[in-house]
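Reviewing the structure listed below.
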Amino acid sequence: MVFDELVKLVSSDAGPAVRIDSRRVRAGDTFVAIRGPNCDGHDFISQAVAAGARYVVYESGRTIPNQFGPTGTPMLIPVENPAVAAGILAQAEQGNPGAQLANLAVTGTNGKTTVTFLVRSCIEAAGSKCGLMGTVVYDTGSGTAPAALTTPDCLTIAQAQRQMVDAGAKYMVIEASSHALSQDRLAGVSFIAAAFTNLTGDHLDYHETQENYLAAKTRLFAALAPDATAVLNKQAPESESIAKATKARVCWYAVDEPADLTARIESMTVKGTRFTLECRGQRQRVNTPLLGRYNVSNHLTAAGLCLAAGLDLQTVAAGLSALAGVAGRLEKVSTDGRFAVLVDYAHTDDALQNVLTTLKPLCKGRLIVVFGCGGDRDKTKRPRMARVVEEFADVAIVTSDNPRTEKPEAIINDIMAGFDDPNSEGVVVEPDRRKAIELAVESARPDDIVLLAGKGHETYQIIGDKKFDFSDQDIARQFLRERQCSRSR
């Protein structure tokens, strides 16, 4: 049997199920052996066959077992890239739902989640349904589920797309992470438009070099068809190399600079931002509660995707203005008139700088920042994050994020190495994140702004290999209530 024949078989009503995890294989299934960063599916072919796999897709040239025991010999199908094959099979198994949707993608270090929520808001303003998959949630139109990964595996994507189509969605917008792109998790899905936000230092624990990181992002655009659109940030230097790598037409966007799509900022306050959206001689006013110049750029990214999808500028502006906010993205926990408490997902030095340069001119009192760095992740950004916080914050409270299998003290030591003056009165170390939040809330004075950075929408903390319930928002609200009660006695 050749691969094309298997695709036809899988797409039939009684076709074999597609599996990429040998532990989920049942009698008659197709097992695709994918070589991943942590384990190789080829090492589990025997287990898959023992569980009843009838078809095995594997990488050409690989040596595989030739003795399979009492379950018999499966049909062995060699392919050049099993990950790509899995994506094609996943779509076939679900009736090719990806072909029934206008698929939009966004990639970049920062801004992806906000862009996807803005895109969905615009498409809903046009009267259509839009499925969404990203860091915060998977929304199929028939239900939502917390996201396990920013970009899930190909089987999960195809299943979600099937649900989107069945729910009446015409569009899907998805965050394309660099890990997913390097692992071909989006194989089998064609995009009518893809956007790039920015590229800053992150994930070097995985990609090793910034060049590899950019190459992973570029794969999304290299795969676009000539009639698709690449929406690129004119103010990000990496966009030039991406533009050279794509066959798609390019839509350039920029804030306060000439481009195909431009935003002219008119005003920015603690209540939100007002700007004019300009495209091909047309202008539309946008009023958004989202703060910061970087969020204006995110609005442009979303606008570019939506215009490429066929929406008109007036509808896009209405959709951009309609979004009230995104969980964990400068989310306002308290702005009671005395001081403000905000939660943001900023977990890179660039993201922190964007947030802090936004808040600093709006802060009449002190800017208090609670932050840490994730364990088992890129260590190079830890001192850089400290330098950014030291530059803009009046008080820096260094704490734990998700330490995972690293010792919190070791992570904090890496962070502290970035401070010019770690012994300053404005630098406080409190490894317990709950206590750090309590300290920030209790010490806040009128007109201060407290920023809880790093975890954003997350409702857990990972210590060791275990997840514990933990929400920056809930904990901050608890201490705000206690503070109010104690001062009203």
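Numbering (the numbering used here), first residue to last: 4 to 492. Here a beta-carbon is modelled for each residue, glycine too, at the ideal position from N, C-alpha and C.
Handout entry: Span separating the alpha-carbon of R437 from that of P229
Key = Taking the sequence shown and counting its residues from 1, one reaches residue 437 at position 434. Taking the sequence shown and counting its residues from 1, one reaches residue 229 at position 226. Between the alpha carbons of R437 and P229 lies a distance of about 51 Å.
Practice task
Spell out a yes or no on whether the region 293-309 and the region 105-118 are touching, meaning 3 or more CB-CB pairs, one atom from each, closer than 8 Å.
Solution key: Cβ pair count under 8 Å is three or more, so yes.
Problem - For V35, three-class secondary structure by DSSP - result: Taking the sequence shown and counting its residues from 1, one reaches residue 35 at position 32. In the three-state scheme derived from DSSP, where H, G and I count as helix and E and B as strand, V35 is classed as strand.
Handout entry: Classification of K470 by the beta-carbon crowding that lies within 10 angstroms, buried from 16 upward
Key = The count along the sequence shown starts at 1 and reaches residue 470 at position 467. With a 10 Å radius around the Cβ and a threshold of 16 neighbouring Cβ atoms, K470 comes out exposed.
Practice task
Within the same chain, show all residues whose beta-carbon is closer than 6 Å to that of I195, passing over the 5 residues directly before and after it, in chain order.
Solution key: As a first step, residue 195 is located in the sequence shown; it is residue number 192 there, counting from the start. These residues qualify, in order along the chain: A105, A231.
Practice task
Over the uninterrupted alpha helix (DSSP H) stretch that includes R332, give me the two end residues.
Solution key: The residue you call residue 332 lines up with position 329 of the sequence shown. R332 -> no alpha helix (DSSP H), and no H or E assigned at all.
Handout entry: Residue environment, A420, which counts as buried when at least 16 other CB atoms sit within 10 Å
Key = Numbered from 1 along the sequence shown, position 417 holds the residue referred to as residue 420. So A420 ends up on the exposed side.
Exercise for the section: With Q50 as the anchor, note down where its beta strand (DSSP E) starts and where it stops. Expected result: Within the sequence shown, the letter at position 47 stands for residue 50. Counted as a single uninterrupted DSSP element, the stretch harbouring Q50 is not any beta strand (DSSP E) but the alpha helix (DSSP H) occupying residues 48-53.
Exercise for the section: Ignore the nearest five residues each way along the sequence and tell me which others in V431's own chain have a CB closer than 6 Å to its CB. Expected result: Stepping through the sequence shown from its first residue, residue 431 is reached at position 428. So the qualifying residues of the chain are I400.
Practice task
Pull up the distance between the alpha-carbon of R26 and that of Q50, whole angstroms please.
Solution key: Numbered from 1 along the sequence shown, position 23 holds the residue referred to as residue 26. Numbered from 1 along the sequence shown, position 47 holds the residue referred to as residue 50. For R26 and Q50, the distance between alpha carbons rounds to 8 Å.
Problem - C42 to A218 span [Cα, whole Å] - result: Start at 1 with the first residue of the sequence shown, and residue 42 comes out as number 39. Start at 1 with the first residue of the sequence shown, and residue 218 comes out as number 215. The alpha-carbon atoms of C42 and A218 are separated by roughly 22 Å.
Practice task
Could you give the DSSP three-state label for T221: helix, strand or coil?
Solution key: Taking the sequence shown and counting its residues from 1, the one referred to as residue 221 is at position 218. Helix at T221.
Handout entry: Contact between the region 362-374 and the region 439-458 (3+ Cβ pairs under 8 Å)
Key = Yes, they touch.
Handout entry: Chain-order list of residues whose beta-carbon lies under 6 Å from that of L359 (same chain, five-residue window excluded)
Key = On the sequence shown, position 356 is the one that residue 359 refers to. If we look at L359 and ignore the five residues flanking it on each side, its Cβ neighbours are F395.
Problem - Pair within 8 Å by beta-carbon distance, L280 and W255 - result: As a first step, residue 280 must be located in the sequence shown, where it is residue number 277. As a first step, residue 255 must be located in the sequence shown, where it is residue number 252. No, the Cβ-Cβ distance between L280 and W255 is not below 8 Å.
Practice task
Drop a sphere of 10 angstroms on the beta-carbon of I80, count the other beta-carbons inside from all chains shown, and report buried for 16 or more, exposed for fewer.
Solution key: Counting from 1 along the sequence shown, the entry for residue 80 is found at position 77. When all chains shown are included, I80 counts as buried.
Problem - Contacting residues, own chain, Cβ-Cβ under 7 Å from A327 (five flanking each side not counted) - result: Your numbering for residue 327 matches position 324 in the sequence shown. Excluding sequence neighbours, A327 sits near P292.
Exercise for the section: Output the distance between the C-alpha atoms of I160 and P240, rounded to the nearest integer angstrom. Expected result: Your numbering for residue 160 matches position 157 in the sequence shown. Your numbering for residue 240 matches position 237 in the sequence shown. For the pair I160 and P240, the Cα-to-Cα distance works out to about 31 Å.
Exercise for the section: Return the residue from the list K363, Q356, R332 that minimises the CA-CA distance to Y348. Expected result: Counted from its first residue, the sequence shown places residue 348 at position 345. If we check each option's Cα against that of Y348, R332 comes out closest.
Handout entry: A17 versus T76 - alpha carbon distance
Key = Walking along the sequence shown from the start, residue 17 turns up at place 14. Walking along the sequence shown from the start, residue 76 turns up at place 73. Here the C-alpha atom of A17 lies approximately 21 Å from the C-alpha atom of T76.
Exercise for the section: Report yes or no: do the region 89-103 and the region 185-193 share at least 3 C-beta pairs separated by less than 8 Å? Expected result: In short, these stretches touch, since the Cβ pair count reaches three.
Practice task
State the CB to CB distance for the pair G378 and I414, rounded to an integer number of angstroms; the pair is presumed to be in contact (CB under 8 Å).
Solution key: In the sequence shown, the residue the question calls residue 378 occupies position 375. In the sequence shown, the residue the question calls residue 414 occupies position 411. The C-beta separation of G378 from I414 comes to about 6 Å, placing the pair in contact by the 8 Å criterion.
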